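Enquirer: Mind looking over this structure? Questions follow.
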Amino acid sequence: MVNLIFQIAGGILSFWLAIKFVPGVEFVGEIKYLIMAGGFLGLINFFIKPIIKIITLPLTALTFGLFGLVINMGLIWFVSIIFPELIIPGIVPLFWTTLIVWLISFFLGLKK
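Using this note's numbering, you'd call the opening residue of the sequence shown number 5 and step up by one each time.
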């Protein structure tokens, strides 16, 4: 349960930092939608990401773990589609946003 709370908090903090520091990443709307988007990312990371990692384990092993970055990018892209207030205009801002999410997860002790 504590891990789920950290996942949600990490998602919210990650999106906030990406909006502040990644050029092109914007959020147009009320702060409650940013909190909802970060919370949704935390829920996806907690419930769905482990299943995706198991399914893609052979591909992740072949790429020495780099496919994990692609998985994270896909999940963040999915969240930006569900929440149109979160604008990530291209692959480069998506990459930097993914790195911020990974770093926040790492520092919160969520990196598995």
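Don't be surprised by glycine CBs; every beta carbon is placed ideally from N, CA and C.
Fair warning: this is a prediction, and the values are worked out from it, not measured in the lab.
1) What is the residue span of the alpha helix (DSSP H) that Thr102 lies within?
2) Suppose contacts are defined by Cβ-Cβ distances below 8 Å. Is Val26 in contact with Trp81 by that definition?
3) Let me check one thing: in DSSP terms, what residues is Ile91 bridge-paired to?
4) Leaving out five residues before and five after Ile16 in sequence, what residues of the same chain have Cβ atoms less than 6 Å from its Cβ?
5) Starting from Gly42 and walking both ways along the alpha helix (DSSP H), at which residues does that stretch end?
6) What would DSSP say about Leu70, mapped onto helix, strand or coil?
7) Assuming Ile108 contacts Gly14 (C-beta within less than 8 Å), just tell me the rounded distance between them.
Expert: In short:
1) Ile95 to Phe111
2) no
3) Glu30
4) Ile39 and Gly42
5) Ile35 to Phe51
6) coil
7) 5 Å
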